[in-house]
Each structure stands twice: as C-alpha cells, then as structure tokens.
Amino acid sequence: MFILSEDTERTRGDDAQSSNISAGKAVSESVRTTLGPRGMDKMLVSDDGDVVITNDGATILDEMDIEHPAAQMLVEVAETQEEEVGDGTTTASILAGELLSQAESLLEEDVHPTTIVEGYHEAAQIAQSTIDDAVIATDPDDDQLLQVAASSMTGKGTGDLAAEDLARTVVDAVSQVSTEDGVDRSAITVHTQVGATSSATELVEGVIIDEERLSEEMPRSVEDAQIAIVEDDLEIKEANVDAEYQVSNVDQLNAAIEAETGQLQEYAEALAATNADVVFVDGDIDDRLTADLVGHGLLVFEDVDSDDIESIRAATGASRVGSVDAIEDEDLGSAENVSVEKYGEEELIFVEGGAASKAVTVFARGSTDHVVDELERSLTDALDVVTAAVDAGGVVAGAGAIEIEIADRIRDEAAGIEGRKQLAVEAYADAVDVLPRTLAENTGMDPIDALVDLRAEHDSGATAGLISEGQTGIIADPIDHGVLDPAAVKHEAIESATEASTMIVRIDDVIASN
Ligand code: ADP
Ligand code: MG
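See the structure below:
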C-alpha cells in the first residue's frame, strides 16, 4: 500500500544515517580553517555578486546556501551559539561535526544509536562540570576582561595594533552600562562608518543617528539641549482631498498663499514657544517652513525613522508628541550635547549625555565596507563575551586548555562506565580533542606532537594551551598569556554541539516531499 505521494523521496536506515552524517561533517569541515587567532578568512560571494569577507563561523554558515536538512541543523548550532552567547560559533560547529564523525565509526562497530546518544549525554555532563570546576571568577576592574575581549577578537582581521585599543573600548562600553543588577547589553549599539582605520574606533557616551539637518544653516552643535520628538507632518493640512482654490485674480492668489504661509508660520511659532532646541520630526516638513525654523535658531530633523526616534526617546527621555501645539515642558528630553559631524558626504548626529539612560555607542571605523562589516561582527562578539564573562559567571583558560582538561576528565570517568556506552563516552573525548588539534593545525604546529606535549603538561598538573605567538605556537599557560574565554561560551558550545549531533544520529528515516 502506498501512503506517500509519488514525488516523495524516502531514505532509510544506514543510508539516511550516513547521508546526514556526511552532510553535517561537511558543514563543520567548511569552517575548520577559520578557528583561532591564526584562522583564515572566507570570502563568500552570493549569486547576485555581494561579497562578505569574514572569519565568523555563524556568518559563514549563514551566508552559505545550505540546503541539506541535516546540514541545516549544524547551521542552527552556530545560530543558537551566536544568539545565546555571541561567540564560539566555530568551536561549536567543529565539535558537532567531529561528534558526528565519531558516531559514524561507532555505528560501523554496531553500537546502537541510542547507546551513542546516552553516552554522548553522559560525556557532555562530565564536560559541563569540568568547565564549572575550572572557572576563574572575573573581577570587573580586572585586566581579565580586557583579555577576554582581546581573545575574542584575535584573528578577526582587526590587526594586532588596534586589538588592544578595541578591547579597551569594548570593556569600557560594558562597564558604562553595568549596574549591580548586571549588564544592560541592549544599551550598547555598534555604529559603523567607513573612512578611517579601525584604530579610530571610539566609544561615544550616547547614541548616533544617521540623519541630515533640515538645513545647513542650522546649528551644528547644541549644548545642554532640550529635545522634542514630534510625530506629525509639518505641512498644509488639507481639509478634504477635493479642496481647490477658485482663484480668479492676483489678489485672491496672494490671499491664498498668505493663508498657507500663515498656517506654516504657526508651526514654527509653536515650536519656538517651547523650550526645545532640537526637534526630531518623524514626518515631512514643508520647504517653506525651513527659513522660519532657521530664524528661530532651532536644529530640526525631518523624516526621522522609527528606530532612531526610539533611541532618541530612550536616551534623552523625550516623549513622542502628536502635534507641535501639544508640546509641554515635561515632554522634552535632554542631552549634554547634540552635535552634527560630517563624514564624507554624510552627516551623523551624536546625541551625547542623554538624561534618561546610559546608552553608549561603539563608533566603529574602517577603511572599506568589508572592513567595517567584519569589525562590527567582531566588536559585537567581543561585547557579548565580555557581557557573558561579567554576567554569567567567569572565564576559563582558552587556547585549547579547557578542552584538553575536558577530554582527559571524560576518559578518566569512562573507565567506570559499563558496556558499549563506554565506547560512546570515549568517543566524545576523542571528538573534543579536535578543538586543540585544529588550533595546532591553524597555527602551523604539528597536531600530533602538539597534542602529546599538551597532554604531558596537563598530566604534570599545569594549565597549558597552544598559544599563538608570532608565526608559530608555543605550549604555555593561557592565563599568563591572557587567553581567556567566558565559561558561558564553552558551556553553550558543549550543549548545542551535543544536542545537534545526537539529534542527527537518532534519525533513521528521511521522508522528503518534493
Ligand atoms: P569561535 O567562533 O569558536 O569563537 P575563534 O576563531 O574566535 O572561533 O577561535 C576561538 C578559539 O581561539 C578559542 O578556543 C580561544 O581560546 C582561542 N584563542 C584566542 N586567542 C588565542 C591565542 N592568542 N592563542 C591561542 N588560542 C587563542
Ligand atoms: Mg571567537
């Protein structure tokens, strides 16, 4: 009996498993060379010719047009990792791929999928507690946060010279929005602007708005600004659409024009009568009004988009008012300074020292679009990891140190696990080894020697990692070298990689309707 339509493609059993596993491995293989400070970048060209150059795992996988459903699950691993903790996307995808590869060997040895899944979950638990035991608490005033920011940005094409300053900017941004209740990450925005080197990146204590002044004759800078937000068009309001002037002579025409001008002047006068110095209008402003507004010394913006209105509101405390007549003193927001800066052809508005919030903006500079885009991604990652380090409990030694520790601990505990599940738990440990091995490869070290030496150091009780220095790598203590990753990033990588790989292993029937 046929219950499926003729177009349905069905793959079952071993075939389904091996096709899914190969697809997952292929995805993880595609990001391997980008791991770590000596990782390479990828250039992704879309079918309409857009180019993205990046080292960020989540971005690479997002830009690649991945169709295979199992491969898609690995893309989701990177996405979840990015959403939850903002970094470690390459780590999580590589681990998921290697877990699949190990599972493939286990399946060949006739280990049942459910045994693999159980073993993997047990091993993942051991991994999580190893991370907990290895956590170094972060002190907000400590250099550790700078190191966390710097380790997250190394290898991201930001250049070593700029890296230190960028790390400083990131840590300053996070500390500006930190309170006893934690970090208000949503109060930090990254604004990019092409035209200078990344070392010109700076922290702005306020928000940056991409809008033009209504007229070049308006002030470029207003100190102690009182700010109004108007959600209205400052234009002639037509009583009804059919209204038409019946004009039969010049006097009548003049009268009609005067009536309009009068109505427009009322807008300007109503605005001038308030205490506002700076006015953001979401609608259009009649051109004939510009001169009056200039005459009243106001700084006015029209067509301000709703996101910008929202940031101005949040930063300055101004309320949205539906018409200029309705503006009361309590509707006004305030800021220490509103200034207009010219960048090339564009103007940007800096609203600094807003009364209502501590919103800050990392003003990211770079020489070309590709550079600022990648800089924005690495700054965003760094902001997330520093937030995670402050908020979600500490950091661990990076550069492969925590992974060696995890793998060793899993192997130790595997000895006490009965039956075939032991094989699965051991396989998990072998999979974790892929991370230090890949770091070694990308640093140009011999991966086998590097892992043997790393293990020997660990067995002697030291914390050791593969620190990349100049053109090669050395085995040394990552804590001394300031290579630290947030514990939250490692926790999430273990969780998401385990979840995706076990989900794929459990599938033995793929039913695809075409
Ligand atoms: P991910 O997307 O997983 O964050 P990255 O390319 O950012 O991938 O690489 C992260 C890894 O690189 C982490 O394991 C981190 O500890 C390691 N790392 C960062 N800086 C250094 C360094 N200077 N030397 C060696 N390893 C480093
Ligand atoms: Mg990273």
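Numbering (UniProt numbering), first residue to last: 1 to 514. Virtual Cβ for every residue (Gly too), placed ideally from N, Cα, C.
Bridge partners for residue i per DSSP, in chain order?
| i | result |
| --- | --- |
| ASN337 | GLU223, GLU352 |
| THR361 | THR189, VAL204 |
| ASP485 | VAL396 |
| GLY182 | THR179 |
| SER378 | None, per the DSSP bridge assignment. |
| GLY366 | VAL194 |
| MET43 | ILE53 |
| ARG320 | ILE229 |
| TYR343 | GLU346 |
| SER468 | GLY473 |
| THR438 | DSSP lists no partner for THR438. |
| ILE209 | ILE349 |
| LEU234 | ILE285 |
| LEU145 | The partner list for LEU145 (beta bridge, DSSP) is empty, contrary to what the question assumes. |
| LEU100 | For LEU100, which the question treats as bridged, DSSP gives no partner whatsoever. |
| VAL279 | ALA228, VAL300 |
| ILE494 | Partner(s): none; ILE494 has no beta bridge. |
Cβ-heavy atom distance between residue i and the ligand ADP below 7 Å?
| i | result |
| --- | --- |
| SER28 | no |
| ILE467 | yes |
| ASN20 | no |
| ALA167 | no |
| ASP485 | yes |
| GLY394 | no |
| ALA440 | no |
| GLY444 | no |
| GLY366 | no |
| GLY344 | no |
| PRO37 | yes |
| residue 518 | A question about residue 518 goes unanswered here, because the residues of the chain that appear run from 1 up to 514. |
| ASN337 | no |
| ASN275 | no |
| THR197 | no |
| THR130 | no |
| THR192 | no |
| THR387 | no |
| SER34 | Before going further, note that residue 34 is Thr rather than Ser in the sequence given. Flag set: Cβ of THR34 near the ligand ADP. |
Out of the options, which one is the CA nearest neighbour of residue i?
| i | options | result |
| --- | --- | --- |
| VAL300 | SER178, ALA429, LEU234 | LEU234 |
| GLU118 | THR463, GLY444, ALA427, VAL177 | ALA427 |
| THR502 | VAL77, PHE363, ALA272 | VAL77 |
| LEU74 | GLU84, ASP56, LEU100 | LEU100 |
| GLU457 | LEU439, LEU293, PRO478, THR438 | PRO478 |
| THR169 | THR472, VAL194, ARG365 | ARG365 |
| GLY400 | ASN442, VAL425, VAL194 | ASN442 |
| VAL432 | THR290, ALA127, ARG38 | ALA127 |
| ALA124 | ILE404, ASP453, ILE410 | ILE410 |
| ASP47 | ASP41, ASN55, ASP65, ASP110 | ASP65 |
| VAL204 | VAL190, SER215, ASP210 | VAL190 |
| GLY195 | ASP305, GLU345, SER357 | GLU345 |
| ALA440 | ARG313, GLY416, ILE474, ALA462 | ILE474 |
Does the distance from the C-beta atom of residue i to that of residue j stay below 8 Å?
| i | j | result |
| --- | --- | --- |
| ALA487 | GLY354 | no |
| THR192 | VAL52 | no |
| ASN249 | LEU332 | no |
| ILE94 | SER28 | yes |
| VAL351 | VAL338 | yes |
| ARG32 | THR438 | yes |
| ALA16 | ASP508 | yes |
| residue 547 | ASP485 | In this structure the chain extends from 1 to 514, so residue 547 is not present and cannot be described. |
| ILE229 | ALA103 | no |
| ALA173 | VAL360 | yes |
| ILE60 | ILE208 | no |
| ARG455 | ILE404 | yes |
| ASP282 | GLU231 | yes |
| ALA266 | ILE285 | Reading off the sequence, residue 266 comes out as Glu, not Ala. Not closer than 8 Å, so no. |
| SER129 | ASP165 | no |
Please find out if some non-hydrogen atom of the ligand HEM comes closer than 7 Å to the beta-carbon of residue i.
| i | result |
| --- | --- |
| THR189 | The ligand content of the structure shown is limited to the ligand ADP and the ligand MG, which means the ligand HEM is not among them. |
- Using the beta-carbon of each residue, find all residues closer than 7 Å to any heavy atom of the ligand MG and list them in chain order. Proximity to the ligand MG was defined by a C-beta distance below 7 Å to any of its heavy atoms, and the residues meeting it, in sequence along the chain, are ASP87, GLY88, THR90, SER152, ASP381.
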